[in-house]
Amino acid sequence: MTLKNKHIVLGITGSIAAYKAASLARLLIKAGAEVQIVITPAGKEFITPVTLSALTGKPVVSEFFTANDGTWHSHVDLGQWADLMLIAPATASTLGKMANGVADNMLITTYMSMKAPVMVAPAMDLDMFAHPATVRNLEILRSYGNIIIEPASGELASHLIGKGRMEEPEKILSIVEDYFSEGQSLAKKKILITAGPTYEKIDPVRFIGNYSSGKMGFSLAEECARRGAEVILVAGPVSLKINHPNITRIDVESADEMYNASVKEFPAMDAAILCAAVADFRPSEQYSEKVKRGEDLFTISLVPNKDIAASLGKIKKANQRLIGFALETNDEETNALKKMVKKNLDYIVLNSLNDAGAGFKHDTNKVTILSKNGEKKDFALKSKKEVAADIVDYTL
Ligand code: CTP
Numbered sequence: 022m023t024l025k026n027k028h029i030v031l032g033i034t035g036s037i038a039a040y041k042a043a044s045l046a047r048l049l050i051k052a053g054a055e056v057q058i059v060i061t062p063a064g065k066e067f068i069t070p071v072t073l074s075a076l077t078g079k080p081v082v083s084e085f086f087t088a089n090d091g092t093w094h095s096h097v098d099l100g101q102w103a104d105l106m107l108i109a110p111a112t113a114s115t116l117g118k119m120a121n122g123v124a125d126n127m128l129i130t131t132y133m134s135m136k137a138p139v140m141v142a143p144a145m146d147l148d149m150f151a152h153p154a155t156v157r158n159l160e161i162l163r164s165y166g167n168i169i170i171e172p173a174s175g176e177l178a179s180h181l182i183g184k185g186r187m188e189e190p191e192k193i194l195s196i197v198e199d200y201f202s203e204g205q206s207l208a209k210k211k212i213l214i215t216a217g218p219t220y221e222k223i224d225p226v227r228f229i230g231n232y233s234s235g236k237m238g239f240s241l242a243e244e245c246a247r248r249g250a251e252v253i254l255v256a257g258p259v260s261l262k263i264n265h266p267n268i269t270r271i272d273v274e275s276a277d278e279m280y281n282a283s284v285k286e287f288p289a290m291d292a293a294i295l296c297a298a299v300a301d302f303r304p305s306e307q308y309s310e311k312v313k314r315g316e317d318l319f320t321i322s323l324v325p326n327k328d329i330a331a332s333l334g335k336i337k338k339a340n341q342r343l344i345g346f347a348l349e350t351n352d353e354e355t356n357a358l359k360k361m362v363k364k365n366l367d368y369i370v371l372n373s374l375n376d377a378g379a380g381f382k383h384d385t386n387k388v389t390i391l392s393k394n395g396e397k398k399d400f401a402l403k404s405k406k407e408v409a410a411d412i413v414d415y416t417l
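Count along the sequence shown starting at 1, add 21, and that's the number in the numbering used here.
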């Protein structure tokens, strides 16, 4: 009974995949969960509430009021009751309403009142799934901290073949089970994470920066917070949003600011994961006014920045763990091992720029983790979210 006593609100919307929600409800109940179904008006066109309430043993909630008897269904109570809200299937329209707070049905009001984490399993035609509106809405939902269960590829109800099929109920069940089993494995732990690039100012309008998007560090922050850790996320200039009650975000711009914030926070931490692409140098001089075009050669001399990882390595106590990253183009493992020793790290996560789909700018990454005890583990190319879970599993 992996889901014993777990309260799950299962939201069903108007997609042909709604028929799979009945199997999903049954699997969740068999695993021990109590399931309350909330269905949209369009959802009821695809599957009848009678089937669903017979499976869950509870009346299905659909309207704000029960017709004729004046009973009001409280979305607020459902928000408090649930340990998880799972919306499966989620149509493009529901994703749009969730992203924009269009609370015109019981499912969306329940979503907006939800105190528990929310998982969303989209289902739609391949062109709708690929439309920029859907892509953007999913991005917004991720930034709210919602977990997206990516649809699978295969034959769709339209007979077209592509990505958009709701993930199979058995797979969704296993994602929910994993979610609860990892539950609070990092409860009471305090973790510092650095993420993103740094900008080193030249003059009021120019800087030296790098291509780091911050995605890997933000995924790590989300993963640690999801497992119950208190996270301090020191973020360089990135356009990412993050929203989790366990995450305190400190925005910085330069390597020097990142250094100051990290050194201040580290003594109270159990671990630090240094994912930021910190600039190694900054201009020796910062101009207070915009540098004007000239005919002569213009040179900027650079001075080295402090090494945050090495500085934390020096003040690290025996009960603290330090995890660094290495992005290499050649002699990857040898260079990474050298960095681990030099900076007194416990683990180093190696990305190679030679691996397609890995490193900066991508949503995916392929890493090898090396430990100071000489262990080594290679991981496959995965989404940065999955890579974050691997890193946390292996190093914390
Ligand atoms: N790092 C840091 N502070 C710096 C430079 C790097 O904390 N000023 C951290 C990174 O966040 C990463 C690790 O050190 O976890 C390795 O970063 P990398 O840039 O690969 O190493 P460098 O020491 O800068 O070596 P090089 O650029 O010469 O390869």
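Glycine is no exception: its CB is placed at the ideal position from the N, C-alpha and C atoms.
The structure displayed is predicted, hence computed values, not measured ones.
What's the call for residue i, buried or exposed, on a 16-neighbour Cβ count within 10 Å?
i, result
"A242", "buried"
"K398", "exposed"
"T355", "exposed"
"R157", "exposed"
"K337", "buried"
"R314", "exposed"
"G32", "buried"
"G235", "buried"
"D272", "exposed"
"I182", "exposed"
"K79", "exposed"
"N372", "buried"
For residue i, name the three-state secondary structure that DSSP assigns.
i, result
"Q57", "strand"
"E278", "helix"
"V312", "coil"
"A379", "coil"
"E220", "In the sequence under discussion, the amino acid at residue 220 is Tyr, which differs from the Glu named in the question. In this structure, Y220 counts as coil in the three-state DSSP scheme."
"I29", "strand"
"L402", "coil"
"P304", "strand"
"I161", "helix"
"T69", "coil"
"N167", "coil"
"D291", "coil"
"E349", "strand"
"K359", "helix"
"D98", "helix"
"G334", "helix"
"D199", "helix"
"T389", "strand"
"L371", "strand"
"E176", "strand"
"L76", "helix"
"I344", "strand"
"V81", "coil"
Could you give the C-beta distance for residue i and residue j, rounded to a whole number, given that I count them as a contact under 8 angstroms?
i, j, result
"A289", "K211", "6 angstroms"
"V139", "L99", "Actually they do not touch by this definition, with Cβ atoms about 12 angstroms apart."
"N386", "V408", "5 angstroms"
"I329", "S283", "5 angstroms"
"G345", "L295", "5 angstroms"
"A38", "A144", "4 angstroms"
"L48", "E191", "7 angstroms"
"G334", "K364", "5 angstroms"
"S240", "Y280", "So it is not a contact: roughly 23 angstroms between Cβ atoms."
"K25", "G53", "4 angstroms"
"T23", "A46", "No, T23 and A46 are not in contact; Cβ-Cβ is about 16 angstroms, not under 8 angstroms."
"F12", "N326", "Nothing about residue 12 can be reported from this structure: the residues present for the chain run from 22 to 417 only."
"L213", "V255", "7 angstroms"
With a threshold of 7 angstroms, establish whether the CB of residue i neighbours any heavy atom of the ligand NAP.
i, result
"D328", "Judged by which ligands are present, the ligand NAP is missing from the structure shown, whose ligands are the ligand CTP."
**Item:** alpha helix (DSSP H) segments (min. 4 residues) lying fully within the stretch 104 to 159
**Value:** Listed in chain order, they are 113 to 121, 127 to 133, 147 to 151.
**Request:** Within the stretch 208 to 269, note down every full beta strand (DSSP E) run reaching 3 residues or more, in order along the chain.
**Result:** Uninterrupted beta strand (DSSP E) stretches at least 3 residues long and entirely within the stretch 208 to 269 occur at 211 to 216, 221 to 224, 227 to 229, 251 to 256, given in chain order.
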